[in-house]
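What follows is one structure encoded as structure tokens, with my remarks underneath.
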Amino acid sequence: MHKLGPVGRADALADISRLTSAATAGHGGLLVISAGPGEGRTALLHAVADHADGFTVLTASGFADERDLPYAGLRTLLAPLATPSGLDAGDPLAAGLAALSIVGTAARTRPVLCLIDDAHLLDEHSWRAVAFAARRIGASRIAMVVSVPAGAEPPGFPVHRLAPLGPAAARRLLAAHAPDLADDVAGTLTEIAAGHPGALIDLARGLSPEQRRGYAPAPETLPPDSPLRRRLATELHTLPARTRALLLLAAAAPDASPDTLLTAAALIGAAATTDDSRAAEPFGLGDFAAAERRGLVTVTAAGVRFRGPLMRGVAYHEMPVARRRTAHAALAAVLEVGGARLPALLQRAAATTGPDAALAQDLAAAALEADPVVAAEAGRYAAVLCPSPAEKAGLLLAAARSAWLAGRPHQAGQLIRRIPAAGGAARVRARALTAEMSLPEGRPGARDVLLDVAAELAESDPGAALEALALAGESACRSGEQIRYAALARRVAAAQRGDEPPAVTLTFHHVAGLTCIADGDEPASFARLRQVVALADRVAEPGPLLRAATAGILIGDGRRSAALAGRAAVLAREAGASVLVPQALELAALAGMASGDYPAANEAAMDGAAIAGGTGQPILAGAHLAVLAVLAALVGDRDTALTRIASVPDGPSRPLCEWALALLDMVDGRCPAAAERLLAVVSAPPGPGSALLRVAVVPHLLETAAQAGMREALEPVAAAFDRWAGQTGQPGWLALRDRCRALRADDGETAADHFETALGHEGEAGFPRAHTELLYGRSLRRRRRNLEARTHLRRAAETFQLLDAAPWAEQSIRELRAAGERVESPPPSGPALTAQQERIAALVAGGATNREVAQELHLSPRTVDHHLRNVFARLGVRSRTEMARQLTSR
Numbered sequence: 030m031h032k033l034g035p036v037g038r039a040d041a042l043a044d045i046s047r048l049t050s051a052a053t054a055g056h057g058g059l060l061v062i063s064a065g066p067g068e069g070r071t072a073l074l075h076a077v078a079d080h081a082d083g084f085t086v087l088t089a090s091g092f093a094d095e096r097d098l099p100y101a102g103l104r105t106l107l108a109p110l111a112t113p114s115g116l117d118a119g120d121p122l123a124a125g126l127a128a129l130s131i132v133g134t135a136a137r138t139r140p141v142l143c144l145i146d147d148a149h150l151l152d153e154h155s156w157r158a159v160a161f162a163a164r165r166i167g168a169s170r171i172a173m174v175v176s177v178p179a180g181a182e183p184p185g186f187p188v189h190r191l192a193p194l195g196p197a198a199a200r201r202l203l204a205a206h207a208p209d210l211a212d213d214v215a216g217t218l219t220e221i222a223a224g225h226p227g228a229l230i231d232l233a234r235g236l237s238p239e240q241r242r243g244y245a246p247a248p249e250t251l252p253p254d255s256p257l258r259r260r261l262a263t264e265l266h267t268l269p270a271r272t273r274a275l276l277l278l279a280a281a282a283p284d285a286s287p288d289t290l291l292t293a294a295a296l297i298g299a300a301a302t303t304d305d306s307r308a309a310e311p312f313g314l315g316d317f318a319a320a321e322r323r324g325l326v327t328v329t330a331a332g333v334r335f336r337g338p339l340m341r342g343v344a345y346h347e348m349p350v351a352r353r354r355t356a357h358a359a360l361a362a363v364l365e366v367g368g369a370r371l372p373a374l375l376q377r378a379a380a381t382t383g384p385d386a387a388l389a390q391d392l393a394a395a396a397l398e399a400d401p402v403v404a405a406e407a408g409r410y411a412a413v414l415c416p417s418p419a420e421k422a423g424l425l426l427a428a429a430r431s432a433w434l435a436g437r438p439h440q441a442g443q444l445i446r447r448i449p450a451a452g453g454a455a456r457v458r459a460r461a462l463t464a465e466m467s468l469p470e471g472r473p474g475a476r477d478v479l480l481d482v483a484a485e486l487a488e489s490d491p492g493a494a495l496e497a498l499a500l501a502g503e504s505a506c507r508s509g510e511q512i513r514y515a516a517l518a519r520r521v522a523a524a525q526r527g528d529e530p531p532a533v534t535l536t537f538h539h540v541a542g543l544t545c546i547a548d549g550d551e552p553a554s555f556a557r558l559r560q561v562v563a564l565a566d567r568v569a570e571p572g573p574l575l576r577a578a579t580a581g582i583l584i585g586d587g588r589r590s591a592a593l594a595g596r597a598a599v600l601a602r603e604a605g606a607s608v609l610v611p612q613a614l615e616l617a618a619l620a621g622m623a624s625g626d627y628p629a630a631n632e633a634a635m636d637g638a639a640i641a642g643g644t645g646q647p648i649l650a651g652a653h654l655a656v657l658a659v660l661a662a663l664v665g666d667r668d669t670a671l672t673r674i675a676s677v678p679d680g681p682s683r684p685l686c687e688w689a690l691a692l693l694d695m696v697d698g699r700c701p702a703a704a705e706r707l708l709a710v711v712s713a714p715p716g717p718g719s720a721l722l723r724v725a726v727v728p729h730l731l732e733t734a735a736q737a738g739m740r741e742a743l744e745p746v747a748a749a750f751d752r753w754a755g756q757t758g759q760p761g762w763l764a765l766r767d768r769c770r771a772l773r774a775d776d777g778e779t780a781a782d783h784f785e786t787a788l789g790h791e792g793e794a795g796f797p798r799a800h801t802e803l804l805y806g807r808s809l810r811r812r813r814r815n816l817e818a819r820t821h822l823r824r825a826a827e828t829f830q831l832l833d834a835a836p837w838a839e840q841s842i843r844e845l846r847a848a849g850e851r852v853e854s855p856p857p858s859g860p861a862l863t864a865q866q867e868r869i870a871a872l873v874a875g876g877a878t879n880r881e882v883a884q885e886l887h888l889s890p891r892t893v894d895h896h897l898r899n900v901f902a903r904l905g906v907r908s909r910t911e912m913a914r915q916l917t918s919r
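At position 10 of the sequence shown (counting the first as 1) the number is 39 in our numbering, and the numbers step up by one without a gap.
Here it is as structure tokens:
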């Protein structure tokens with residue numbers, strides 16, 4: 030029914046579509062749309078009305094000044110049809126029956142859609158008549174959608190609570206209203222609005238041209254003329270003066286405890302906040318009560334939480350500047366007495382006007398020990414207070430790095446823009462930070478900028494140059510850049526003293542390893558990168574650990590790499606470096622996939638996609654979805670793989686999507702198409718994760734090329750893989766090397782020897798081994814060694830069935846039958862569930878629908894249904910209730 034809709038409201042439109050589809054089939058009903066002020070319920074109803082093709086649409090809105098007019102709302106709703114007689118009698122029962130009769134008559138011609146906005150403001154008579162009719166439309170072609178504020182939902186009807194817009198949806202809404210908005214400004218507005226569509230629109234409309242492009246500071250809250258701000262301010266202004274005074278303090282110190290706020294209020298003095306008869310009374314928790322009753326704040330021992338950041342912003346900015354500075358000064362005094370040094374410094378900074386070099390120095394020193402969110406705020410204040418332009422530049426750069434680590438690249442970008450022209454080396458390092466922030470998004474030119482920075486700082490600041498070279502990473506492998514990278518690395522290496530901390534030594538080895546790759550010296554690169562991995566145990570910072578994890582991937586040690594990446598993710602979480610968490614999880618997923626630990630890879634990629642998507646990093650979320658697509662394609666789950674691929678934006682993750690599509694081609698027997706895709710992946714320019722990708726796809730490339738008659742053309746690729754896999758010394762890669770040798774063998778006996786060697790490597794198991802068993806069994810069957818073939822094909826079928834890789838299990842069974850074995854059905858797999866089935870079963874047992882499970886796990890609904898049937902079969906249950914009971918009793 031709905032062709033279009035408000036940005037980010039797909040779930041609500043889906044619920045309304047189900048309602049209207051049911052009504053069209055003669056099963057009417059009412060749906061309540063619930064949301065706070067300006068959160069989009071009116072816009073949603075307008076969109077529904079505009080695109081309700083095939084329906085007679087009746088609309089009405091509640092108005093506060095019409096609540097005393099009996100049946101005013103009902104008359105408006107039914108005006109296009111007829112006005113029920115007897116409304117003046119004031120009988121809601123008769124009015125409801127009459128309304129139902131009128132609408133029911135119209136519904137015989139075409140279905141009717143009733144849309145009532147602000148239903149809570151309808152006059153009582155109208156609402157009772159509407160509710161009466163709604164309870165009796167179950168067998169008619171009538172759908173009703175009513176909107177009310179959150180907390181005013183009428184009982185007895187299904188409710189859809191509009192959720193805040195996600196970061197991506199918020200960006201789309203801003204683009205629609207301010208297409209020229211700079212990225213970091215859009216990020217700032219998105220953070221202020223916290224998913225509130227009305228706030229986003231008001232914020233965008235209130236920007237000056239300089240603010241839109243980021244050349245002037247972005248607003249801190251809603252503009253004064255914002256209708257939403259006026260509405261929120263009205264709520265605040267009706268509170269008692271003592272309550273407003275406490276809310277100002279709570280807004281100025283959102284992490285302070287109620288006791289701290291009460292002490293600060295006493296310090297300011299009740300006389301300064303109110304002139305009523307209670308002026309001499311001490312402040313107490315009861316003074317929060319009026320705001321709590323209205324749902325504006327929640328007060329606990331941990332602090333005072335506003336209904337949302339918008340309410341907090343309005344509570345703060347509606348107060349005069351002098352009152353705000355007084356509040357900050359009082360909070361600083363109380364916090365300092367309590368030993369909270371950094372919070373006290375921040376409050377002092379907020380209360381200070383003009384430069385203060387001593388306070389700036391204290392803030393900068395305290396920021397070194399703070400988590401990134403607080404460190405960014407401290408650095409920003411320190412820069413404002415610092416009188417020296419050169420020192421100001423360094424403080425702004427440090428604050429920008431902290432902001433980026435905290436997952437606020439928009440704030441980092443604005444801080445970088447404020448670095449003065451006289452910033453010297455800080456401006457150069459700022460270019461490196463800007464490039465570093467864009468690396469996960471695969472923006473062109475980022476690595477070139479890092480190499481430029483390394484060249485500029487090689488002698489004056491070798492530490493920063495070393496960092497830039499380490500970040501440039503795989504540009505060392507790019508055609509035309511190898512010589513430059515190697516030369517720069519040697520210039521920077523000349524500054525190495527030998528007594529550096531382990532993290533710096535690790536980085537020197539990492540850069541040296543990449544230099545050896547640039548020089549084409551593979552043995553030397555392995556030696557250097559193994560030193561990187563060895564040093565990782567002496568390092569406790571997430572950044573260097575990510576380099577060690579990358580080194581582990583480059584030398585083929587997937588298990589060690591996955592462990593290092595997992596440790597980096599934990600440390601990044603603990604340090605508050607939220608931007609590094611999805612990067613670490615991406616490495617963990619890639620390493621898990623490389624080592625054959627697909628469940629662990631799936632877990633890491635699933636978590637990474639959720640974190641990256643939730644923090645507004647769509648490109649990085651797409652990288653995780655691309656890994657998940659490959660994992661789905663490996664087991665032949667076409668629907669899920671295609672669903673995930675469709676969610677991956679254009680950018681650096683497309684080669685992974687091509688790998689996934691090639692795997693689906695392999696499942697379908699389209700080997701030439703698969704080989705063509707994989708050859709494009711191998712020959713593509715380097716990008717994030719491409720070093721692993723270029724070797725990981727080779728076994729599949731050689732397999733499809735052999736069947737497509739392209740074997741000889743790929744001998745250089747095969748030889749390079751052979752050498753690299755031998756250098757790793759890892760059983761998994763050695764097994765794949767021997768499998769590839771078998772596929773390239775000129776005679777059956779040689780191939781059999783290589784297959785036997787591949788299967789003889791210790792620790793090789795799971796899907797890769799099952800695939801080798803299938804290929805070996807197929808080779809034996811074609812040489813008419815059916816008895817031997819059956820053993821390998823049977824093992825392959827059993828493993829594939831256990832891993833829920835149905836297409837591969839079916840291929841194995843077809844080969845078994847061709848080898849003369851009678852197989853009526855797939856081999857039984859026992860009661861154990863796969864990791865994917867465990868997650869699905871747990872979500873379903875918790876009450877999630879199939880559609881909700883599909884959204885949570887980035888699966889297709891068809892795949893969820895398939896897995897759920899298999900779960901029922903494996904557990905021997907016939908319903909969700911039985912399954913939940915059995916899972917609970919484990």
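Just so you know, even glycine gets a beta-carbon here, dropped at the ideal spot from N, CA and C. Bear in mind that the values here come from a model prediction, so they are computed numbers and not experimental data.
Inset, instruction - For R200, count neighbouring C-beta atoms within 10 Å of its own C-beta (all shown protein chains included) and say buried if the count is 16 or more, exposed if not. - result: Mapped onto the sequence shown, residue 200 falls at position 171. Under this definition R200 is a buried residue.
Legend entry - 8 Å contact criterion, which L517 and A484 should meet: CB distance rounded: By 1-based counting over the sequence shown, the position of residue 517 is 488. By 1-based counting over the sequence shown, the position of residue 484 is 455. About 6 Å separates the two Cβ atoms, so the contact holds.
Legend entry - Residue burial classification, T250 (beta-carbon count within 10 angstroms, cutoff 16): Residue 250 sits at position 221 when you count from the first residue of the sequence shown. The residue is buried, with at least 16 neighbouring Cβ atoms inside 10 Å.
Inset, instruction - Report the residue from G645, L388, A655 whose alpha carbon sits nearest the alpha carbon of A633. - result: Start at 1 with the first residue of the sequence shown, and residue 633 comes out as number 604. Cα-wise, what sits closest to A633 is A655.
Legend entry - DSSP bridge partner residues for S176 (one or two, in chain order): The sequence position of residue 176 within the sequence shown is 147, counting from 1. Per DSSP, I62.
Inset, instruction - Take D304 and list the residues in its own chain whose beta-carbon comes closer than 7 Å to its own, dropping the five residues that flank it on each side. - result: The sequence position of residue 304 within the sequence shown is 275, counting from 1. Any reading at D304 must be qualified, since the residue scores a pLDDT of 48, below 50, and its modelled position is unreliable; the value itself is stated next. No residues qualify anywhere along the chain.
Inset, instruction - Give the secondary structure of V568 by DSSP, where H, G and I count as helix, E and B as strand, and everything else as coil. - result: Numbered from its first residue, the sequence shown carries residue 568 at position 539. V568: coil per DSSP, three-state reduction.
Inset, instruction - For the stretch 257–265 and the stretch 356–371, state whether three or more C-beta atom pairs, one from each stretch, are separated by less than 8 Å. - result: no
Inset, instruction - Please state if the CB of F186 and the CB of V61 are separated by a distance shorter than 7 Å. - result: For the purposes of this step, residue 61 is taken as residue 32 along the sequence shown, with counting starting at 1. For the purposes of this step, residue 186 is taken as residue 157 along the sequence shown, with counting starting at 1. Against a cut-off of 7 Å, the Cβ pair of F186 and V61 comes out as a contact.
Inset, instruction - Could you give the DSSP three-state label for L888: helix, strand or coil? - result: Here residue 888 corresponds to residue number 859 of the sequence shown, with the count starting at 1. Note: L888 maps to coil in three-state DSSP.
Legend entry - Residue environment, D146, which counts as buried when at least 16 other CB atoms sit within 10 Å: Against the sequence shown, residue 146 aligns to sequence position 117. Classification for D146: buried.
Inset, instruction - Identify, in the order they occur along the chain, each residue of the same chain with its Cβ nearer than 7 Å to the Cβ of P857, setting aside the five sequence neighbours on each side. - result: One-based indexing of the sequence shown puts residue 857 at position 828. Bear in mind that the predicted position of P857 carries a pLDDT of just 46, short of 50, making it too unreliable to give a figure here.
Inset, instruction - Grab me the residues of R519's own chain with a C-beta within less than 8 Å of its C-beta, minus the 5 sequence neighbours each way, in chain order. - result: Locating residue 519 in the sequence shown gives position 490, where the first residue counts as 1. These residues qualify, in order along the chain: T544.
Legend entry - R903 (DSSP reduced to helix, strand or coil): Counting from 1 along the sequence shown, the entry for residue 903 is found at position 874. Residue state, collapsed to three classes: helix.
Legend entry - CB-CB length for I448 against L462, believed under 8 Å: Working through the sequence shown from its first residue, we reach residue 448 at position 419. Working through the sequence shown from its first residue, we reach residue 462 at position 433. About 10 Å separates the two Cβ atoms, so there is no contact after all.
Legend entry - C-alpha gap between I582 and P384, whole angstroms: Within the sequence shown, the letter at position 553 stands for residue 582. Within the sequence shown, the letter at position 355 stands for residue 384. Each residue's alpha carbon lies about 50 Å from the other.
Inset, instruction - Express the C-alpha separation of R768 and A565 in angstroms, rounding to a whole number. - result: The residue you call residue 565 lines up with position 536 of the sequence shown. The residue you call residue 768 lines up with position 739 of the sequence shown. Computed Cα separation, rounded: 32 Å.
Legend entry - Rounded C-alpha distance that separates T302 from V175: As a position in the sequence shown, residue 302 is number 273, starting the count at 1. As a position in the sequence shown, residue 175 is number 146, starting the count at 1. Summary for T302: the model assigns pLDDT 49, below 50, so the residue's position carries little reliability; its value from the coordinates is reported in the next sentence. Answer to the nearest angstrom: the Cα atoms are 42 Å apart.
Legend entry - Every unbroken alpha helix (DSSP H) inside the stretch 35–113 [4 residues or more]: 39–53, 70–79, 101–107
Inset, instruction - Could you name the residues of the same chain whose beta carbon sits closer than 6 Å to that of T828, not counting the 5 residues immediately before and after it, in chain order? - result: Residue 828 sits at position 799 when you count from the first residue of the sequence shown. Counting only Cβ-Cβ distances below 6 Å, and skipping sequence neighbours, we find A799.
Inset, instruction - Would you mind giving the Cβ-Cβ distance between A411 and A399, rounded to the nearest angstrom? I have them listed as a contact below 8 Å. - result: What you label residue 411 is simply residue 382 of the sequence shown in a count that begins at 1. What you label residue 399 is simply residue 370 of the sequence shown in a count that begins at 1. A411 to A399, Cβ: 12 Å. No contact.
Inset, instruction - Determine which residues share a DSSP beta bridge with H189 and list them. - result: Start at 1 with the first residue of the sequence shown, and residue 189 comes out as number 160. I62.
Legend entry - CB contact below 7 Å: P530 versus chain C: Reference to chain C is not applicable here, since this structure consists of a single protein chain.
Inset, instruction - Go ahead and label S908 buried or exposed: buried means 16 or more other beta carbons lie within 10 angstroms of its beta carbon, across all protein chains shown. - result: Counted from its first residue, the sequence shown places residue 908 at position 879. Counting Cβ neighbours within 10 Å, S908 comes out exposed, since fewer than 16 surround it.
Legend entry - Continuous alpha helix (DSSP H) assignments of at least 4 residues falling wholly in the stretch 263–342: 270–281, 287–297, 318–322
Inset, instruction - Tell me whether the beta-carbon of A689 lies closer than 7 Å to the beta-carbon of V724. - result: The count along the sequence shown starts at 1 and reaches residue 689 at position 660. The count along the sequence shown starts at 1 and reaches residue 724 at position 695. No, Cβ-Cβ distance for A689 and V724 is not below 7 Å.
Inset, instruction - Would you decide whether T779 is buried or exposed? Buried here means 16 or more other CB atoms lie within 10 Å of its CB. - result: In the sequence shown, counting from the first residue as 1, residue 779 sits at position 750. Classification for T779: exposed.
Legend entry - Top-ranked residue by Cα proximity to P760, from R770, A794, V727: By 1-based counting over the sequence shown, the position of residue 760 is 731. Among R770, A794, V727, the Cα nearest to that of P760 belongs to A794.
Legend entry - Inside the stretch 758–846 only - alpha helix (DSSP H) runs reaching at least 4 residues: 760–773, 777–788, 795–811, 815–831
Inset, instruction - May I have the straight-line CA-CA distance separating P252 from G243, to the nearest angstrom? - result: Taking the sequence shown and counting its residues from 1, the one referred to as residue 252 is at position 223. Taking the sequence shown and counting its residues from 1, the one referred to as residue 243 is at position 214. Whole-angstrom Cα-Cα distance: 17 Å.
Legend entry - Same chain only: Cβ atoms within 7 Å of A475, ignoring 5 sequence neighbours per side: Position 446 of the sequence shown, counting from 1, holds the residue named residue 475. Here the set comprises A464, S467, L468.
Legend entry - Option nearest A386 by Cα separation, candidates A369, P416, Q376, Y514: The residue given as residue 386 occupies position 357 in the sequence shown. For A386, the nearest C-alpha among the options comes from P416.
Legend entry - Where S169 falls, given that 16 or more other Cβ within 10 Å makes a residue buried: Translated into the one-based positions of the sequence shown, residue 169 becomes position 140. Buried, since its Cβ has 16 or more Cβ neighbours within 10 Å.
Legend entry - According to DSSP, residues forming a beta bridge with L144: Position 115 of the sequence shown, counted from the first residue, corresponds to residue 144. Answer is T88, V174, bridged to L144.
Inset, instruction - Might you give, ordered along the chain, the residues of its own chain that have their beta carbon closer than 6 Å to the beta carbon of R824, omitting 5 neighbours on each side? - result: Counting from one through the sequence shown, the residue named residue 824 turns up at place 795. Cβ neighbours of R824 beyond the five flanking positions: E802.
Inset, instruction - Could you tell me which of A192, L236, R813 sits nearest to D209, measuring between CA atoms? - result: On the sequence shown, position 180 is the one that residue 209 refers to. Nearest of A192, L236, R813 to D209, Cα basis: L236.
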